Amino acid sequence: GESVGLHLPTLSVQEGDNSIINCAYSNSASDYFIWYKQESGKGPQFIIDIRSNMDKRQGQRVTVLLNKTVKHLSLQIAATQPGDSAVYFCAERGNSGYSTLTFGKGTMLLVSP
Amino acid sequence: DGGITQSPKYLFRKEGQNVTLSCEQNLNHDAMYWYRQDPGQGLRLIYYSQIVNDFQKGDIAEGYSVSREKKESFPLTVTSAQKNPTAFYLCASSMGWDTGELFFGEGSRLTVL
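Respectively, the protein sequence lines represent chains A and B. As numbered in our numbering, the first sequence has no gaps in its residue numbers, which increase by one up to the final residue, 115. As numbered in our numbering, the second sequence has no gaps in its residue numbers, which increase by one up to the final residue, 112.
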């Protein structure tokens, strides 16, 4: 697969544990945040998004938390499975009319059985 | 099945040659994007198109060109002016401009020999 994981922060967990992946965003004007998952050799896949008028949003086995005060975003994965092993990216978008997404560098999640 | 198709998956080019990467989508999406991904880095936006016959430069457009003559197609040309073209290129599309839910292809790996 593609070597997108070189030099990335890595989180190693055991199967069944809960995982928390953190992201510090840079633009205080950003009003929309998204998490993506990228498996080796594939394109990123959308996981969950959250707008700045919320501080928590839940999906299936995932929860995103947003703390605008400290410009921090986190992705919580419950009961982590080996299939969750991937690189996870956060992305932010500014609040001007045609802002584009800015992606973070990513965190590699390694889940061992 | 609906999706994004990128081709070729792997491409080798000699220095000084232009090369065109194909991206086709059958999702009926209006917006399409090209990103570049380098090891240990997030995705960087090269070009994007919100509608047919219109496109805008992203953060790293120098040395690249695009066209959007059809809704379903958004080819990227890597020109000889791009000083460091070896990278993983990702094409994506979205239903509209407001969503952060991008659908990505599986990528094209370009290596300059």
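Where is the CB? At the ideal position from N, CA and C, for every residue including glycine. Just so it is clear, the structure is predicted and the values come from calculations on it, not from any experiment.
request  = Determine, using beta carbons only, whether R95/A comes closer than 8 Å to chain B.
outcome  = Within the first sequence, the letter at position 93 stands for residue 95/A. With 8 Å as the cut-off, R95/A counts as an interface residue toward chain B.
message = List, in chain order, every chain B residue whose beta-carbon is nearer than 9 Å to that of D51/A.
response = In the first sequence, counting from the first residue as 1, residue 51/A sits at position 49. Neighbours of D51/A on chain B, chain order: T98, G99 and E100.
ask   = Under the three-state reduction of DSSP, which class applies to G96/A: helix, strand or coil?
value = Numbered from 1 along the first sequence, position 94 holds the residue referred to as residue 96/A. Looking at G96/A - three-state DSSP - the assignment turns out to be strand.
request  = Evaluate A31/A with the Cβ neighbour count: other Cβ atoms within 10 Å of its Cβ, from every protein chain shown; 16 or more gives buried, anything less gives exposed.
outcome  = What you label residue 31/A is simply residue 29 of the first sequence in a count that begins at 1. Per the 10 Å Cβ criterion, exposed.
request  = Taking the CB atoms as reference points, tell me whether Y47/B and R108/B lie closer together than 8 Å.
outcome  = Position 48 of the second sequence holds residue 47/B. Position 109 of the second sequence holds residue 108/B. Not in contact: Y47/B and R108/B (Cβ atoms no closer than 8 Å).
query = Interface residues of chain B around I36/A at Cβ under 8 Å?
reply = As a first step, residue 36/A is located in the first sequence; it is residue number 34 there, counting from the start. Within chain B, the residues near I36/A are G99 and E100.
ask   = In this structure, does DSSP put D86/A in helix, strand or coil?
value = The sequence position of residue 86/A within the first sequence is 84, counting from 1. Looking at D86/A - three-state DSSP - the assignment turns out to be helix.
request  = Using three-state DSSP, classify R53/A as helix, strand or coil.
outcome  = Counting from 1 along the first sequence, the entry for residue 53/A is found at position 51. Looking at R53/A - three-state DSSP - the assignment turns out to be strand.
message = Once the 5 residues before and after L112/B are set aside, which same chain residues still bring their CB inside 8 Å of it?
response = Taking the first residue of the second sequence as position 1, residue 112/B is located at position 113. Counting only Cβ-Cβ distances below 8 Å, and skipping sequence neighbours, we find F11, R12, K13 and E14.
query = In chain order, what residues of the same chain have a beta carbon less than 7 Å from the beta carbon of G57/B, not counting five sequence neighbours either side?
reply = As a working note, residue 57/B is residue 58 in the second sequence. Cβ neighbours of G57/B beyond the five flanking positions: L44, I45, Y46 and Y47.
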